[in-house]
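Structure, as C-alpha cells:
2 protein chains.
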Amino acid sequence: MSDLLERLRGRGWRMTAQRRVVAEVLDGDHVHLTADEVHARAAERLPEISRATVYNTLGELVSLGEILEVSTDRRAKRYDPNAHRPHHHLVCARCGAIRDVHPTGNPLSDLPDSERFGFAISDVEVTYRGVCPNCAGA
Amino acid sequence: MSDLLERLRGRGWRMTAQRRVVAEVLDGDHVHLTADEVHARAAERLPEISRATVYNTLGELVSLGEILEVSTDRRAKRYDPNAHRPHHHLVCARCGAIRDVHPTGNPLSDLPDSERFGFAISDVEVTYRGVCPNCAGA
DNA sequence: ATCTTACAATGGACATTGTCTAAGTCAAGC
DNA sequence: GCTTGACTTAGACAATGTCCATTGTAAGAT
Numbered sequence: 001m002s003d004l005l006e007r008l009r010g011r012g013w014r015m016t017a018q019r020r021v022v023a024e025v026l027d028g029d030h031v032h033l034t035a036d037e038v039h040a041r042a043a044e045r046l047p048e049i050s051r052a053t054v055y056n057t058l059g060e061l062v063s064l065g066e067i068l069e070v071s072t073d074r075r076a077k078r079y080d081p082n083a084h085r086p087h088h089h090l091v092c093a094r095c096g097a098i099r100d101v102h103p104t105g106n107p108l109s110d111l112p113d114s115e116r117f118g119f120a121i122s123d124v125e126v127t128y129r130g131v132c133p134n135c136a137g138a
Numbered sequence: 139m140s141d142l143l144e145r146l147r148g149r150g151w152r153m154t155a156q157r158r159v160v161a162e163v164l165d166g167d168h169v170h171l172t173a174d175e176v177h178a179r180a181a182e183r184l185p186e187i188s189r190a191t192v193y194n195t196l197g198e199l200v201s202l203g204e205i206l207e208v209s210t211d212r213r214a215k216r217y218d219p220n221a222h223r224p225h226h227h228l229v230c231a232r233c234g235a236i237r238d239v240h241p242t243g244n245p246l247s248d249l250p251d252s253e254r255f256g257f258a259i260s261d262v263e264v265t266y267r268g269v270c271p272n273c274a275g276a
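Respectively, the protein sequence lines represent chains A and B. To convert, note that position 57 of the first sequence is 57 in my numbering; the numbers rise steadily by one, no gaps. Here my numbering runs 138 ahead of the position in the second sequence, where the first position is 1.
Here it is as C-alpha cells:
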C-alpha cells in the first residue's frame with residue numbers, strides 16, 4: 001500500500017469508510033478499472049456502498065490529480081492510478097485490454113503552426129490500437 | 139454534391155429515400171455531426187425517418203469506409219465525412235469544436251518495440267486539445 | 001407493368017453509463 | 001458527547017445507443 005491515503009488526508013480530505021475502500025481499490029495493481037468495476041471491488045469490503053458515492057469519489061480523485069480518466073472506447077470510462085508519469089495508451093481491438101506506454105518524441109512538435117488554427121494547445125492524447133498477443137494467438 | 143451516391147450505388151448499396159438523405163447530409167460541409175444532428179437534418183427533408191435508420195445507415199457508411207467515427211469526448215460519437223485522407227483531430231476544450239489536422243511524422247515510429255508488448259499495432263489516433271481562438275477571445 | 005422477395009425502415013422497448021436530488025448519516029472539531 | 005456541514009444513499013432521471021418484430025419497398029424476374 002502506498003501513501004495515497006496519507007496524501008489525501010494531508011490535503012484535508014474528510015476520510016470516510018467509503019472513500020477509504022475506493023482509494024484502496026485503486027491503490028493496487030496498475031489496471032484500468034471502470035467505475036462499476038471499482039464499485040464491485042469496493043462492495044466486497046463495504047457491501048452497502050452506493051454507485052453514486054463511487055462516482056463522486058472517482059471524480060474527486062481525478063480533480064485532485066491522483067488518478068486519470070481514460071476513454072479508449074465508447075464504453076465506460078476507466079480510471080488509471082498511474083497519474084504521476086505522463087503516458088499514452090495501447091488498446092487491444094479485440095479484448096479491450098489497455099497498457100500504459102511511453103512513446104519517444106513529442107507529438108506537439110509534429111503539428112505545424114499552420115495546422116493549429118489559432119488554438120492554444122494544452123494537451124495531446126495518443127491511442128495506439130492493435131491486437132494483443134493473447135487475442136492473436138487464439 | 140460529390141459522387142458519394144454514385145460510389146455507393148456502384149457497390150450494390152440498395153438505394154432508399156432514407157439512405158439518400160443521410161448520405162446527402164454528410165456529403166456537404168466537412169463538419170462533424172452527431173447521429174442526432176444527422177437525424178435532425180435528414181428529418182427536415184424526410185420527416186418520418188427514424189432514429190434507428192439513421193444509426194443503421196451511419197454504421198453501414200462507416201463499415202464501407204465512406205465516413206469515420208470520431209469520439210473526442212464522452213458525449214455522442216461524431217461522423218467525419220473526410221474518410222479518404224488520414225488525419226487527426228484538434229478539439230476545443232471549451233466549446234467542443236473539432237478541426238481535422240495533419241501532423242507531420244508518424245507516431246508509430248515513436249513507439250519502440252519494447253513498448254509494444256507483442257501487440258500487432260494497426261492504428262494510431264492522436265487528439266490535440268486546447269482552446270480555440272473564439273473561446274479564448276471571449 | 002406486375003410480381004416476388006430479400007433487404008430496409010419503423011417505433012418502441014430496452015441497455016448502459018452517468019448525473020442529480022432530497023433525506024438521512026457521520027467525521028471531526030469544540 | 002454535541003454540533004454541523006460535509007458525505008452517503010436510493011432511486012429517479014438523462015443521454016446515447018441497440019435490438020426486435022412488424023411493415024414497407026427497391027430492384028430484378030417474368
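C-beta atoms are modelled at their ideal positions from N, C-alpha and C, and glycine is treated no differently. In this text, all values refer to a predicted model and were calculated from it rather than measured experimentally.
- For C92 (chain A), the C-beta contacts it makes with chain B under 9 Å involve F257, in order along the chain.
- For C230 (chain B), the pairing in a beta bridge is given by DSSP as B:G268.
- V176 (chain B) does not reach chain A, its nearest Cβ partner there being about 17 Å away, counting only Cβ pairs nearer than 8 Å.
- Of the residues assessed, H88 (chain A) falls on the buried side of the cut-off, its CB having 16 or more other CB atoms within 10 angstroms.
- Cβ neighbours of H102 (chain A) within its own chain (closer than 6 Å, five residues either side excluded): H87.
- Across the set B:A221, B:G150, B:V229, the C-alpha of B:V229 shows the shortest separation from the C-alpha of G268 (chain B).
- Residues of chain B whose Cβ lies closer than 9 Å to the Cβ of A136 (chain A) are, in chain order, G256, F257, A258.
- E144 (chain B): member of the alpha helix (DSSP H) spanning 142–148, first to last residue.
- Counting only Cβ-Cβ distances below 8 Å, L146 (chain B) has no contacts in chain A at all, with the closest Cβ about 25 Å away.
- Closest in C-alpha terms to G256 (chain B), from the list A:D113, A:G137, A:T127, comes A:G137.
- At a cut-off of 9 Å, the C-beta of C95 (chain A) has no neighbouring C-beta in chain B.
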